[in-house]
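Keeping their order, the protein sequence lines are chains A and B. Under the working numbering, the first residue of the first sequence is numbered 9, with each subsequent residue one higher. Under the working numbering, the first residue of the second sequence is numbered 28, with each subsequent residue one higher. Even glycine gets a Cβ: it sits at the ideal position worked out from N, Cα and C. Because the structure is a prediction, the values reported are computed rather than measured.
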Amino acid sequence: MKKHLNTMFVTTQGTYLHKEGETVQIKVENEIKGYIPVHTIGGIVCFGRVSMSPPLMGFCAENDVAVTFLSEYGRFLASVRGPVSGNVLLRRTQYRMADSKTDSASLARFFIMGKISNCRRVLDRVLRDHGEKIASEELSSASVRLKSSLDSLRQTSDLDSLRGIEGESAKNYFSVFDHLILSRKDEFKFNGRSRRPPLDKVNCLISFIYTLLLHDVRSALETVGLDPAVGFLHRDRPGRPGLALDMMEEFRPYFADRLALSLINLSQIKPSGFKTTESGAVLMDDETRKALLVAYQKRKQEEIYHPFIDEKITLGLVFHIQAMLLARFMRGDIDAYPPFIWK
Amino acid sequence: MYDESSLIPISGLQHVLFCPRQCALIHVEQQWEENRFTAEGRVLHERVDSGDSSDKGKIKITYSLQIHSLSLGLSGIADVVEFHPSSEDKNSFIPFPVEYKRGKPKKDLTDKVQLCAQAMCLEEMLCVSVPAGALFYGQPRRREDVVFDEYLRNETRKAAESFHRLVDSGITPQPVYEKKKCDSCSFLEKCMPLVIGKKRSALKWLEKAVFEGGENFEEAS
């Protein structure tokens, strides 16, 4: 099994990374802070004013280490890509399928099925564990509506209608999301999904985790030889990683949303770790961001059961497994793409 | 006859003989999984990969010789080729390929076929006949002579043909799980022989997981 490798998050401003033998040398203000062997990491994510030497970028590309540059607040800036690996046949299949309305719709349906199913299970799990102290009626009626969205997915084969069902169920799910916040509710209030910019602390958390997730999903897709830019549910738009966004859908509720919720509910982050700017946009301070990165990394090391491949694996490996399954579906080895379904 | 642009690696012969799906994963999908065994093999090769030649008595030894055969449609590198002085003509030498292998001698023909392909390349490039060569096994460190008879040459031609057919088709064959073979294969995790294949429907699995709650799985604690 491919090893679950750690992602190296570099948040210290002014850091310079360069290649030293087989390692990444970390320098801050001309002082060497350490060396990390390249074969022990799966990715490098640089936040803000962090720079890297071109030889190191090339070395990372050669060793399947995904490198991403983000703004200090987690906005995607750029990623480093090495030579395109030799999966020209797979890529051509992917492009052909993306050009076909029927194929796009059937893939989009698999992704949406995974997403809605996992949304529903997030709600059901909270109902099961905390049913007595929350607005359980609203939650269970949302769960029922998600179930009926799943049912209507079965009868829909038109891409726009599928997108409609997806939008409807997302609205549904986020309409009760505030009920999933179980502690310090007055300080962590969820006021509906807001992205550009996030307008409350919960949205700020979720958006940041989504960015990290996108990095991981994208590099998993690249590793198996798929083009992360060409999606099925998400239409092509320059600079947008359509396929990575597609495959991310099934992980949003299970992986990202639940991580944000547990950080809040288990008091791992403080309300004072956020600031609201003049525009209403909410930002995290360095300490909160660090706590979040540590929690994200820890979550990826948790062992889970993968129902389709019938094996115990670390959560961090799930992205890779799903990317492999997607490639195998495109190559005709399996009759469906089985999204990761959480139970 | 093949042209130079359609030559494929000699090393693929052992893959196509071992398992057509593994061969397609490597040579069609271009996936490569390094594990302990392949790493050991690589280290063993690095020792002989110095790329120059030396004289050992009357035998001239060449390392990492680039070779090809247009009739087999193969190209690659011969680890070691010894040039033995001909008993008939003092001024001519007969090439004698030696291939280094990790592990024990195999029961099947794979290693011999690979060596024979090298010999046939040498014959074509040097216009001489190459009657024999040797396989050197790392465990135990032992050398085994191989005679390139008509039977082995035929098997080599057949393997080269099926390798070309597989690469040209661009299609990865379905997996067939064989415990002994699969469990030692470095591609097990990528190939997923127990998960993928006609016998199992992912569509049915998905239906069940989403709509029936899928009682067959639970979260690991």
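Whether residue i touches residue j by CB criterion (7 angstroms)
i: A:A335; j: A:V232; result: yes
i: B:F214; j: B:Q49; result: yes
i: B:F163; j: B:G39; result: no
i: A:Y24; j: A:K35; result: yes
i: A:T15; j: A:F55; result: no
i: A:L135; j: A:L147; result: yes
i: A:P346; j: A:E258; result: no
i: A:I312; j: A:L300; result: no
i: A:G90; j: A:A113; result: no
i: A:I214; j: A:A268; result: yes
i: A:S149; j: A:S177; result: no
i: B:P124; j: B:A144; result: no
i: A:I272; j: A:F196; result: yes
i: A:A331; j: A:L229; result: yes
i: B:M28; j: B:L99; result: no
Among the options, the one whose alpha carbon lies nearest that of residue i
i: A:H242; options: A:M256, A:P346, A:R129; result: A:M256
i: A:P249; options: A:H223, A:R260, A:I321, A:I40; result: A:H223
i: B:S114; options: B:S211, B:P36, B:K85, B:C212; result: B:K85
i: A:L115; options: A:K41, A:L161, A:E28; result: A:L161
i: A:K193; options: A:S169, A:Y218, A:D244, A:L274; result: A:L274
i: B:L230; options: A:K197, A:D341, A:V184; result: A:D341
i: A:V88; options: A:Y81, A:D111, A:P62; result: A:P62
i: A:Q33; options: A:D137, A:Q276, A:H328, A:L64; result: A:L64
i: A:T164; options: A:G324, A:T322, A:M121; result: A:M121
i: A:I124; options: A:K141, A:G172, A:L300, A:F316; result: A:G172
i: B:L34; options: B:F45, B:C46, B:K134, B:H54; result: B:H54
i: B:R227; options: A:A178, A:I142, A:F337, A:F67; result: A:F337
i: B:G197; options: A:L97, A:L170, A:R133, A:A150; result: A:L97
i: A:T48; options: A:A74, A:F185, A:S108, A:V210; result: A:A74
i: B:K87; options: B:L44, B:C218, B:P122; result: B:P122
i: B:L182; options: B:C212, B:E31, B:L142; result: As written in the sequence, residue 182 of chain B is Glu, which differs from the Leu given in the question. Ranking B:C212, B:E31, B:L142 by Cα distance to B:E182 puts B:L142 first.
i: B:L52; options: B:M219, B:P167, B:S91, B:D116; result: B:M219
i: A:Y4; options: A:V210, A:G139, A:S151; result: Any question about residue 4 of chain A goes unanswered here, given that chain A covers just 9 to 351.
i: B:V140; options: B:R192, B:A186, B:C212; result: B:A186
i: A:S144; options: A:K179, A:F17, A:V225, A:H187; result: A:H187
Neighbouring residues, chain B, relative to residue i (Cβ below 7 angstroms)
i: A:A344; result: A229, L230, L233
i: A:R153; result: Within chain B, no residue comes near A:R153; the closest Cβ sits about 15 angstroms away, beyond 7 angstroms.
Proximal residues of chain A, C-beta to C-beta of residue i below 7 angstroms
i: B:V237; result: M121, S125, L158, I349
Residue interval of the alpha helix (DSSP H) (run including residue i)
i: A:M65; result: 62-70
i: A:N14; result: Taken as a continuous stretch (DSSP letters only), A:N14 belongs to no alpha helix (DSSP H), being part of the beta strand (DSSP E) at 14-18.
i: A:S151; result: 144-163
i: B:C218; result: 215-218
i: A:D132; result: 109-138
i: B:V43; result: 39-45
First through last residue of the beta strand (DSSP E) which encompasses residue i
i: B:G103; result: 101-112
i: A:G42; result: 39-45
i: A:A86; result: 84-88
i: A:M292; result: 290-292
i: B:K139; result: Unbroken run through B:K139 is the alpha helix (DSSP H), 137-153; no beta strand (DSSP E).
i: B:S91; result: 86-96
i: A:D224; result: First-last for A:D224: 209-231, but that is the alpha helix (DSSP H), not the beta strand (DSSP E).
i: B:A159; result: 159-165
i: A:D254; result: Segment 250-256 is the alpha helix (DSSP H) holding A:D254; no beta strand (DSSP E) there.
Interface residues of chain A facing residue i [CB-CB closer than 8 angstroms]
i: B:V55; result: L97
i: B:I35; result: Simply none; closest approach about 13 angstroms.
i: B:K217; result: M332
Contact set between residue i and chain A, taken where Cβ atoms lie within less than 9 angstroms
i: B:I223; result: L333, R336, D341, I342
Inset, instruction - Select from the segment 186-206 of chain B all residues with a C-beta closer than 9 angstroms to any C-beta belonging to chain A, and list them in chain order. - result: Within the segment 186-206 of chain B, the residues whose Cβ lies closer than 9 angstroms to some Cβ of chain A are G197, I198, T199, Q201, P202, listed in chain order.
Inset, instruction - Please list the residues of the segment 244-262 of chain A that have a C-beta atom closer than 7 angstroms to any C-beta atom in chain B, keeping them in chain order. - result: Listed by position along the chain: nothing, the set is empty.
Legend entry - Positions along the segment 291-322 of chain A whose CB lies within less than 7 angstroms of some CB in chain B: Listed by position, the residues of the segment 291-322 of chain A near chain B (Cβ gap below 7 angstroms) are E311, I312, Y313, P315, F316, I317, K320.
Legend entry - Under 7 angstroms (Cβ pairs) to chain E, residues found in the segment 195-207 of chain A: Given the protein chain composition of this structure (A and B), no chain E is represented.
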